[in-house]
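Take 1 as the starting number for the sequence shown in full-length UniProt numbering and just add one per residue. Report on the structure given below.
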Amino acid sequence: MMANIKSLPAELQKIAIEELNEVPSRIPQDLETLRTWIKQQPHLRARTDDQFLIQFLRGCKYSLEKAKEKIDLFFTLRTKYPDMFGFTDVDDPKFKQYFNLGCYTFLPKPLNGCRIVLVQFNYSSEKHSLEDIFYAGAPLFELAMLHDPYTTVRGLHFMFDMGKSNLKHFLQITPMFCKKLVLFLEKSMPFRIQSVFFINAPSFAQQFFKIVIPLYSAKLQKRTHIIGNDINELTKHIPLEFLPRHLGGDNGDYSEITEQQFNKFQLHREYFKENAQYGTDESLRPGKTMDLEGLYGVGGSFRKLSVD
1 MMANIKSLPA ELQKIAIEEL NEVPSRIPQD LETLRTWIKQ QPHLRARTDD QFLIQFLRGC
61 KYSLEKAKEK IDLFFTLRTK YPDMFGFTDV DDPKFKQYFN LGCYTFLPKP LNGCRIVLVQ
121 FNYSSEKHSL EDIFYAGAPL FELAMLHDPY TTVRGLHFMF DMGKSNLKHF LQITPMFCKK
181 LVLFLEKSMP FRIQSVFFIN APSFAQQFFK IVIPLYSAKL QKRTHIIGND INELTKHIPL
241 EFLPRHLGGD NGDYSEITEQ QFNKFQLHRE YFKENAQYGT DESLRPGKTM DLEGLYGVGG
301 SFRKLSVD
């Protein structure tokens, strides 16, 4: 029995074996075990094709239990929060409008094999919400999961460029939004987040960091760096050649990359349309209902921000 998966570049296959516990001869059996489990879950309607499932095995270092947890949460989030994770229509004018703002960009050159994700506040806080913007950003991570082996084998560096942010942007960053974001990116997606950089952070962002960073796992908290406007401080971690053009680097222009990425969505119109049939039904879940609101126990907003 052969697995229907894309082959990895040689250097990534070596890493998958040495660091992710991949045993090539055992892949078909591991995939079938995971597929059987999914079919036995009455509450879960999930994709079961090999290319989708192997990302979760790799992202969980072939721990079947962790892969099951991530897959379950991935589809639970889609059902529970469709305004952020329920994208299905490439031709939706709102998707085109939000996506083309260029808030989420996967830079072309990986750093040490890890993909760099640039996040910017390229939107009007008067016209749009963070949920709107992430509705167009979430499917970009799904495409990367399927087609970018650097993302799933080596992981991601996140770079949040706050240079275009204002106070109204931060008032949109409620603890509930932060919780959903962490649940999606760290808890449900099969990525290893290698580091998080907040750059060009304004003074009023400190309150935000106090609330959002404790939501991360202890491991990720140690990998988080808050950097002001000093580009030299950033290049100690990410060399200049790996930074995007607007930061003085040579790793692509976000507006050009956004256009290229949007074109990729045209090729995946049917894939995302199919996503409408996947999700969970909590009334059929064996045992306890998954309590997403209670996972971190946070609520409220930053409306009481004190600004110097």
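Even glycine gets a Cβ: it sits at the ideal position worked out from N, Cα and C.
Measuring CB to CB, does residue i end up less than 8 Å from residue j?
i, j, result
"G252", "Q194", "no"
"T152", "G279", "no"
"N21", "D50", "no"
"P139", "S165", "no"
"L31", "I38", "no"
"S188", "F74", "yes"
"F106", "A144", "yes"
"M162", "F198", "yes"
"V90", "H268", "yes"
Determine the burial state of residue i: buried for a count of at least 16 other Cβ atoms within 10 Å of its Cβ, exposed for fewer.
i, result
"K168", "exposed"
"E19", "exposed"
"E142", "buried"
"V196", "buried"
"L243", "buried"
"I116", "buried"
"G300", "The predicted model places G300 with a pLDDT of 40, which falls under 50 and marks its position as unreliable, so this point remains unresolved."
"D230", "exposed"
"L284", "exposed"
"G249", "buried"
"Q206", "exposed"
"Q40", "exposed"
"Q29", "exposed"
Can you tell me which of the three DSSP states residue i falls into?
i, result
"R115", "strand"
"M84", "helix"
"R45", "strand"
"F52", "helix"
"G59", "helix"
"F265", "helix"
"I173", "coil"
"T280", "strand"
"Y271", "helix"
"G299", "Unreliable placement is indicated for G299, whose pLDDT of 42 sits below 50; no coordinate value is reported for it."
"I133", "helix"
"F160", "strand"
"F95", "helix"
"S124", "coil"
"V196", "strand"
"H225", "strand"
"Y150", "helix"
"T105", "strand"
"H237", "coil"
Suppose the cutoff is 6 Å on Cβ atoms and the five residues either side in sequence are ignored; what does the same chain contact list for residue i look like?
i, result
"V182", "L215"
"G113", "Y150 and R154"
"F121", "K164, S165 and H169"
"G102", "N122, Y254, S255 and T258"
"T76", "T280 and M290"
Among the options, whose alpha-carbon lies nearest the alpha-carbon of residue i?
i, options, result
"E241", "K109, R47, L171 and M84", "K109"
"I71", "A205, R35 and A136", "R35"
"L57", "Y104, H225 and R26", "R26"
"K6", "L53, Q277, Y271 and R245", "L53"
"G287", "P9, P42, Q29 and M2", "P42"
"F87", "S283, D281 and E270", "E270"
"D92", "T289, F272, D291 and R285", "F272"
"Q260", "E126, Y104, R47 and M2", "Y104"
"P24", "T33, Q40 and M2", "M2"
"A276", "A46, A10 and K14", "A46"
"Q97", "K127, K68, E69 and P82", "K127"
"M159", "N232, I227 and A10", "I227"
"E69", "P190, S125, Y81 and P82", "P190"
"T235", "L185, S217, L111 and C178", "L111"
"K219", "S124, L247 and E186", "E186"
"K264", "K210, S217 and H147", "H147"
"C178", "S124, L292 and Q40", "L292"
"H246", "N200, S129, Q40 and T33", "N200"
Any heavy atom of the ligand SAM within a distance shorter than 7 Å of the CB on residue i?
i, result
"H225", "Annotation note on the ligand SAM: not contained in the displayed structure, which lists no ligands."
What does a CB cutoff of less than 8 Å around residue i pick up in its chain, not counting 5 residues either side in sequence?
i, result
"L12", "G113, P149, Y150, V153 and R154"
"Q266", "V90"
"K14", "none"
"R192", "G59, R154, G155 and L156"
Note down, in chain order, each residue of its chain lying with its Cβ closer than 7 Å to the Cβ of residue i, except the 5 sequence neighbours on either side.
i, result
"M84", "E131, F134, Y135, A138 and K180"
"I213", "Q221 and T224"
"A16", "L8, E22, R58 and V153"
"K66", "C60"
"E233", "I227"
"A10", "none"
"K81", "As written in the sequence, residue 81 is Tyr, which differs from the Lys given in the question. Result list for Y81: K180, in chain order."
Measure from the C-beta of residue i to each C-beta in chain D and report whether the shortest distance is under 8 Å.
i, result
"K222", "In the structure shown, chain D cannot be found, because there is only a single protein chain."
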